[in-house]
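292 is the number that the numbering used here gives to position 105 of the sequence shown; each next residue is one higher, with no gaps. From the three backbone atoms N, C-alpha and C, an ideal C-beta is built for every residue, glycine too.
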Amino acid sequence: MNIKISLATFLLLLATNAVSAEDQNTSEVVRETDTDKALVIVDTTANDSIAVETSTQQNDVNLSLLTDPYPYIKPTAVEKAPPRVIVEVIPDRDSDADGVLDADDRCAQTPIGIKIDLLGCPLDEDADGIPDYQDKCKETPADVKVTKNGCPVDSDKDGIADYLDKCEDTDSLLRVDDKGCPLDDDGDGIPNHLDTCQVTPDGFNVDKNGCALTATLQIHFKRASGVIKKEDMKQVLEFSNFLKLNPKYKVSITGHTDNVGTVKANQKLSEIRALSLKNALIKDGIKSSRLTSFGKGESDPIATNLLASGREQNRRIEVKLIH
188 MNIKISLATF LLLLATNAVS AEDQNTSEVV RETDTDKALV IVDTTANDSI AVETSTQQND
248 VNLSLLTDPY PYIKPTAVEK APPRVIVEVI PDRDSDADGV LDADDRCAQT PIGIKIDLLG
308 CPLDEDADGI PDYQDKCKET PADVKVTKNG CPVDSDKDGI ADYLDKCEDT DSLLRVDDKG
368 CPLDDDGDGI PNHLDTCQVT PDGFNVDKNG CALTATLQIH FKRASGVIKK EDMKQVLEFS
428 NFLKLNPKYK VSITGHTDNV GTVKANQKLS EIRALSLKNA LIKDGIKSSR LTSFGKGESD
488 PIATNLLASG REQNRRIEVK LIH
């Protein structure tokens, strides 16, 4: 089989594939004639040779014998393999083991055993922003400001939350009522810590120190009578107890009537009524030196005498405290 290649190509192949005669156990002989030149490569181990003829016309060479034992097999091009792409598939996880996968979990570090909502966050039943497992006051009303423990803020530290506190600047050392205001045991409008005359009976007007000034005792009399009703004796005894607790007071007692009857008779009746209270106080242990009494008759009504209810209000006793 003859294969034609150009001389330049043949020489290039010869140069690039040349090896030493000793390593390959080959020898090279060049023969020349007058008309042509031939290069013969003799393989002494295989007894094969390649004869090349040069053509003066086409400058071609003929290879009469190939050393490749399989000349009919053509090389096949091999494409370079594309770069290997490694894709790591991460399985679904539930890092905090609350039953909600991390991809859906809005609170991915919930402590184990805590009740959660559908988003994986701890329950907050009163919606105050503090989860139930940290909330010390779990029924806080909506929109109430709370502490980090979930309890309503108590700015003055009186034990009453601000949203219920009617006296928000109370000293923390004072005892307060359920409205957060300092206690006022006698109900005179002056808190205990400012009241120098405590246990003032109901109905008394007091000064800034809580000390009684005047009062109208709700002691009523039957028409044309100076006898104190049995049901009114409780009020008399309360007043007596107040005087015992506040010995500095002296009392001026004034009796009043309605306008039924003569002016003279009503004046006398009012004096009798005042004296009835004075005697009842003396009987309960109040010194007579602290008590004075007199009457004003019908001259100072507090309600209309045209109605029975008004006339009943006018039949009264007033006391004035002097200290």
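Check whether residue i and residue j have beta carbons under 8 Å apart
i, j, result
"D389", "G376", "no"
"K431", "G472", "yes"
"I415", "A467", "yes"
"D313", "T334", "no"
"I440", "V506", "yes"
"P309", "C294", "yes"
"D349", "V340", "yes"
"S457", "K483", "yes"
"N433", "E485", "no"
"S359", "D343", "yes"
As assigned by DSSP and simplified to three states, the class of residue i
i, result
"E425", "helix"
"V363", "strand"
"L456", "helix"
"K302", "coil"
"E499", "helix"
"L462", "helix"
"V272", "coil"
"V450", "helix"
"S476", "helix"
Min CB distance residue i to chain D below 8 Å
i, result
"L478", "The question asks about chain D, but that chain is absent: this structure has only one protein chain."
Close-in-space but distant-in-sequence residues of the same chain around residue i (CB under 6 Å, 5 per side omitted)
i, result
"D285", "T297, I303, G307"
"G337", "D315, I317, D322, K323, C324"
"T222", "With a pLDDT of only 42 at T222, under 50, the local geometry of the prediction cannot be trusted, and no value is derived from it."
"D279", "L288"
"S480", "I440, A461, L462, K465"
"K437", "R477, I509"
"N492", "D445, N446, R498"
Beta-carbon contacts of residue i that lie in its chain and below 7 Å, excluding the five residues immediately before and after
i, result
"T387", "D373, D375, V393, G397, A399, F429"
"I489", "Q500, N501"
Own chain partners of residue i with C-beta closer than 8 Å, once the 5 adjacent residues on each side are dropped
i, result
"Q405", "G390, D419, Q422, R503"
"V363", "D345, G346, I347, C354, T357, P369, L370"
"K409", "K416"
"T401", "F391, N392, E505, V506, K507, L508"
Those residues which DSSP pairs with residue i across a bridge
i, result
"E505", "T403, T441"
"Q346", "Correcting the residue type first, residue 346 is Gly in the shown sequence and not Gln. In DSSP, G346 forms no bridge with anything."
"L288", "Looking at the DSSP assignment, L288 forms no beta bridge with any residue, so it has no partner."
"P369", "V363"
"G482", "G442"
Inset, instruction - May I have a chain-ordered list of the beta strand (DSSP E) segments no shorter than 3 residues that lie completely inside the region 385-435? - result: 391-393, 399-404
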